[in-house]
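Peer 1: Chains as they are written, first to last, in this note's numbering: chain R, 3 to 297; chain F, 49 to 400. Virtual Cβ for every residue (Gly too), placed ideally from N, Cα, C.
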Amino acid sequence: MNRRSDTWLAYFMILPVVAAVLAFVIGPTWDVGTLSLTSVVMGQERGFGTLSNFRALFADPVFPTVVKNTAIWILGGTILCVMTGLAVGMFLAIDSKMTMGLRAIILLPWVLPDVVTAMAWKWMLHGQVGVIGDYISRMGLTDGAISFLGNPDLVMWMLVIVLIWRKMPLVALILCAAIRSVPSEQLEAARMDGANGWHRFRFVVVPNIAFSLTAVTVISMIWITAEFTLPWVMTGGGPANSSQIMSTYIYQQSFQFFNWGVGSAMSVVNLVFLMTVVGLYLYINRRSWAAGGNS
Amino acid sequence: MGSVTLRNIRKSYGPVEVLHGIDLDVADGEFVVLVGPSGCGKSTLLRSLAGLETISAGDISIDDKVINGLEPKNRDIAMVFQNYALYPHMKVRENMAFSLKLNKVPKDEIESKVAKAAEILSLTAMLDRYPKQLSGGQRQRVAMGRAIVRDPKVFLFDEPLSNLDAKLRVQMRSEIKELHQRLGTTIVYVTHDQIEAMTMADKIVVMKDGHVEQIGAPLDLYDTPANLFVAGFIGSPSMNFMSCTAQGGKAVLSNGQVLGAAPAGLGEGQAFTAGVRPEHFVIGSGALDAPVTLVEPTGAEIQFTVDIAGDHVLITTRDRVTARLGDTLNLSVEPGKLHAFDPETGARLGGV
Ligand SMILES: Nc1ncnc2c1ncn2[C@@H]1O[C@H](COP(=O)(O)OP(=O)(O)OP(=O)(O)O)[C@@H](O)[C@H]1O
Ligand SMILES: [Mg+2]
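1) Determine contact between the segment 260–268 of chain F and the segment 364–382 of chain F, defined as no fewer than three beta-carbon pairs at a distance below 8 Å.
2) Ligand 1 heavy atoms versus the CB of Pro61/F: any closer than 7 Å?
3) Quick one: what does DSSP say Asp337/F is sitting in, helix, strand or coil?
4) Residues in its own chain within less than 7 Å of Glu119/F by CB, not counting five upstream and five downstream?
5) From what residue to what residue does the beta strand (DSSP E) around Tyr135/F run?
6) Drop a sphere of 10 angstroms on the beta-carbon of Gln246/R, count the other beta-carbons inside from all chains shown, and report buried for 16 or more, exposed for fewer.
7) Where DSSP assigns a beta bridge to Tyr237/F, which residues make up the other side?
8) If contact means a Cβ-Cβ distance below 9 Å, which residues of the segment 195–214 of chain R contact chain F?
9) Can you check which of these residues, Pro66/R, Tyr251/R and Lys70/R, is closest to Ala228/R by C-alpha distance?
10) Any C-beta of chain F sitting closer than 8 Å to the C-beta of Ala191/R?
11) Tell me the residue span of the beta strand (DSSP E) that contains Ile108/F.
12) On the CB-based measure, 16 or more other CB atoms within 10 Å of its CB, does Tyr237/F come out buried or exposed?
13) For Pro345/F, does the three-state DSSP call read helix, strand or coil?
14) Using a cut-off of 7 Å between C-beta atoms, extract the partners of Glu187/R located in chain F.
15) Answer with buried or exposed for Ile107/R, where buried requires no fewer than 16 other C-beta atoms within 10 angstroms of its C-beta.
16) So, at 7 Å on beta carbons, what are the nonlocal neighbours of Leu301/F in its own chain, with the 5 sequence-adjacent residues on each side left out?
17) Look up Glu65/F in the DSSP assignment and give the residues it is bridged to.
18) Sort Met158/R, Ile224/R and Val206/R by Cα distance to Met236/R and report the nearest one.
19) Can you tell me whether Phe50/R is buried or exposed? The criterion is at least 16 other CB atoms within 10 Å of its CB, across all chains shown.
20) Along the alpha helix (DSSP H) that carries Ser147/F, what are the first and last residues, could you check?
21) By Cβ distance, which residues of its chain are closer than 8 Å to Arg202/R, with the 5 residues on each side in sequence left out?
22) Who's in the neighbourhood of ligand 2, going by beta-carbon under 7 Å from any heavy atom, listed in chain order?
23) What are the boundary residues of the beta strand (DSSP E) that Thr321/F is part of?
24) When the Cα atoms are used, what is the spatial distance from Asp1/R to Met223/R?
25) Going by the DSSP bridge assignment, what does Ile363/F pair with across the sheet?
26) Output, in chain order, the set of chain R residues within a Cβ distance shorter than 7 Å of Pro120/F.
27) Would you kindly check if the distance between the Cβ of Ala75/F and the Cβ of Ala133/F is under 8 Å?
28) Quick check: is the beta carbon of Ser333/F nearer than 8 Å to any beta carbon in chain R?
29) Is it the case that the CB of Ser86/F approaches a heavy atom of ligand 1 more closely than 7 Å?
30) Just list the alpha helix (DSSP H) runs in the segment 166–247 of chain R, keeping only unbroken ones of 4 residues or longer that don't cross its boundaries, in chain order.
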């Protein structure tokens, strides 16, 4: 009897959280899911249970560009972010006065609001008045100023660079902490065993920080997939859709063109992708979770 | 071959010098134990030998080849760490094979070497386990296996047994000693436990504050300690010290009683510190009367604490002496077992 009422009390206590999750996460997700299967014309719902939105999406001539750009954005961004983060983290893990100072100030890009970062970089990279183009042309490396964000071949990579500038510091700090907690005896034992710097990195450091490394990779991937402000404020998907990625395209289709059917279909594609990433992460780390986080 | 020579080794951390010119010769196949109190520089000396620390001055040579500037991996030395330092993500087999793999030894040769080392250390059944699935003693054996497979010129051990419980420590002590007899490889072994040093070593190096106090065979150190520090450090329970003066060939205590015959070579009236080990007192025959202040039977022997000229002095005997608290014991010192030390410098006086 007592057991029973305890159980009910427990359910009652978590009710607010469950309600909030239902209202703000599950509910909208469900709405987007059903919306993607409903044909909408001029803001009026016209029949449920159709794949016409997805057909429209795949027929959209911009869609392949969006997929390509999103791949650069998410995969390129994540891989470069983690790799530079690992390199910077290795450097920060060295004990010296300089790295101690750097560890403190490296988070600066992180505390700036997204919009500020985006505006600052947008003007620094501007074709006519940007300081970066100006500096490069004055050094005589180029004939005139380059329009970094106006060039369809460059623009996606410029966005990735700004993204890394903004997201890498936390990755570097997390990995730095992980690297610093690698037992020094293991590194010394490896030195005695004949390991050079690369061997020690590959066979001692990386396995010891593997847990942090996969966690940071997945978290970066999720951040980057969800990142909207940076590309939207810097380019708005332009020029001519050449920097259009899923998040900006969803926003544009849904809230500028009110093309909710296609917008929601794309959101569903996005959701499936994210769930795959998280599922993969949980699968890779299944042993570590059971072991309580280490090894 | 694996003889080690250290000449005038100095090591400073910034302005602080922690090794003040160490000289040591280790013959091929010898088991040398570095012993001394915490912070005296044992680990630093061992790590300098391994190449994990760079020395500030001096020469380290193995087989008469100076190796000061060589990387640890080129010194042909293997080291066993206090906390094992096994690679947690590698199985026992991979832990032991790691150095061979890095040195591009052929696969079948690696396999046979690992199998052989595992057999010596009775680890064969555990080759496919991870370190965290092993007990402390087994991990210690894996750490030794990792050293053995390399077949190095010298093994270094830094307090390898201090993380084990007392019983296992005794067992591993004899295992290491057996291993040494079997392989015949030179071993330099660090401990702060003088019993470990006495039982295992061919040669003991007693260190204090970055200096070598004495080098010698265990029983030599026990019988003829070179100074007060070594006399007090080696032996358990430790040696008793009393202030005496030499008068007419006798060691006379501050209260006028005679402790025993003074060692030869002391000047008449010279003040010195007399040292006598607890087991070198003879009870029941002597001129020295001492009241008992504590009786502690341990089974195999009885420990008496007595009052001699105001000092507490420990005496052990294997005889069933029935003296009780407050009784007076009649004591003398076994001939030739009274050590004399300079009260100021602590150096040994007289010849025994
Ligand atoms: N990295 C370092 N920087 C500065 N001083 C150090 C460093 N490592 C050791 N020391 C100092 O050197 C001295 C010798 O240290 P060492 O570790 O060799 O002692 P030890 O004899 O091994 O002691 P223990 O028995 O406690 O292990 C100590 O006084 C210690 O404070
Ligand atoms: Mg030490």
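Peer 2: On the basis of the data shown:
1) With the cut-off at 8 Å, the segment 260–268 of chain F and the segment 364–382 of chain F do not touch.
2) In the second sequence, the residue the question calls residue 61/F occupies position 13. A small correction: the amino acid at residue 61/F is Tyr; Pro does not occupy that position in the sequence shown. The answer is yes for Tyr61/F.
3) If you number the second sequence from 1, residue 337/F lands on position 289. Three-state DSSP puts Asp337/F in a strand.
4) Your numbering for residue 119/F matches position 71 in the second sequence. Excluding positions up to five away in sequence, the list reads Gly99.
5) For the purposes of this step, residue 135/F is taken as the residue at position 87 of the second sequence. No beta strand (DSSP E) holds Tyr135/F; DSSP gives it neither H nor E.
6) What you label residue 246/R is simply residue 244 of the first sequence in a count that begins at 1. Looking at its Cβ environment, which holds 16 or more other Cβ atoms inside 10 Å, Gln246/R is buried.
7) Translated into positions along the second sequence, residue 237/F becomes position 189. In the DSSP assignment, Tyr237/F forms a beta bridge with Val81/F and Phe205/F.
8) The segment 195–214 of chain R vs chain F, Cβ under 9 Å: Asp195, Gly196, Ala197, Asn198, His201, Phe205, Val206, Pro209, Asn210 and Ala212.
9) If you number the first sequence from 1, residue 228/R lands on position 226. Measuring from the Cα of Ala228/R, the nearest candidate turns out to be Tyr251/R.
10) The sequence position of residue 191/R within the first sequence is 189, counting from 1. Cβ-Cβ to chain F under 8 Å: yes for Ala191/R.
11) To locate residue 108/F, count along the second sequence from 1; it is residue 60. Secondary structure note for Ile108/F: its beta strand (DSSP E) is the uninterrupted segment Ala105 to Ile110.
12) Counting from 1 along the second sequence, the entry for residue 237/F is found at position 189. Tyr237/F is buried by the Cβ-count criterion.
13) Translated into the one-based positions of the second sequence, residue 345/F becomes position 297. Pro345/F: strand per DSSP, three-state reduction.
14) Numbered from its first residue, the first sequence carries residue 187/R at position 185. What Glu187/R touches in chain F, judged by beta-carbon distance under 7 Å, is Phe129, Asn131 and Ala133, going in chain order.
15) Along the first sequence, read from residue 1 onward, the residue named residue 107/R stands at position 105. It counts as exposed.
16) Indexing the second sequence from 1 puts residue 301/F at position 253. Cβ neighbours of Leu301/F beyond the five flanking positions: Met290, Cys292, Leu307, Ile356 and Ala357.
17) The sequence position of residue 65/F within the second sequence is 17, counting from 1. DSSP, once it has assigned bridges, lists Ser60/F as partnering Glu65/F.
18) By one-based count along the first sequence, residue 236/R stands at place 234. Looking at the Cα atoms, Met158/R is the closest of the given residues.
19) In the first sequence, counting from the first residue as 1, residue 50/R sits at position 48. Exposed, since its Cβ has fewer than 16 Cβ neighbours within 10 Å.
20) Against the second sequence, residue 147/F aligns to sequence position 99. Note, Ser147/F: alpha helix (DSSP H), Val140 to Leu150.
21) As a working note, residue 202/R is residue 200 in the first sequence. Closer than 8 Å at Cβ, skipping near neighbours: Leu189, Ala192 and Arg193.
22) Taken from the N-terminal end onward, the list reads Lys90/F, Ser91/F, Asp206/F, Glu207/F and Val238/F.
23) Translated into the one-based positions of the second sequence, residue 321/F becomes position 273. Going by DSSP, Thr321/F is part of the beta strand (DSSP E) stretching over Ala319 to Val324.
24) The first residue shown for chain R is 3 and the last is 297, placing residue 1/R beyond what the model contains.
25) Counting from 1 along the second sequence, the entry for residue 363/F is found at position 315. Paired residues: Phe352/F.
26) In the second sequence, counting from the first residue as 1, residue 120/F sits at position 72. In chain order: Arg193 and Met194.
27) Start at 1 with the first residue of the second sequence, and residue 133/F comes out as number 85. Start at 1 with the first residue of the second sequence, and residue 75/F comes out as number 27. No, they are not a contact pair.
28) Within the second sequence, residue 333/F is the residue found at index 285, counting from 1. False, the Cβ-Cβ gap to chain R never drops below 8 Å.
29) The residue labelled residue 86/F in the question sits at position 38 within the second sequence. Ser86/F has its Cβ nearer than 7 Å to a heavy atom of ligand 1.
30) Counting only runs of 4+ residues, the alpha helix (DSSP H) found wholly inside the segment 166–247 of chain R occupies 186–194, 199–202, 208–228 and 231–236, in chain order.
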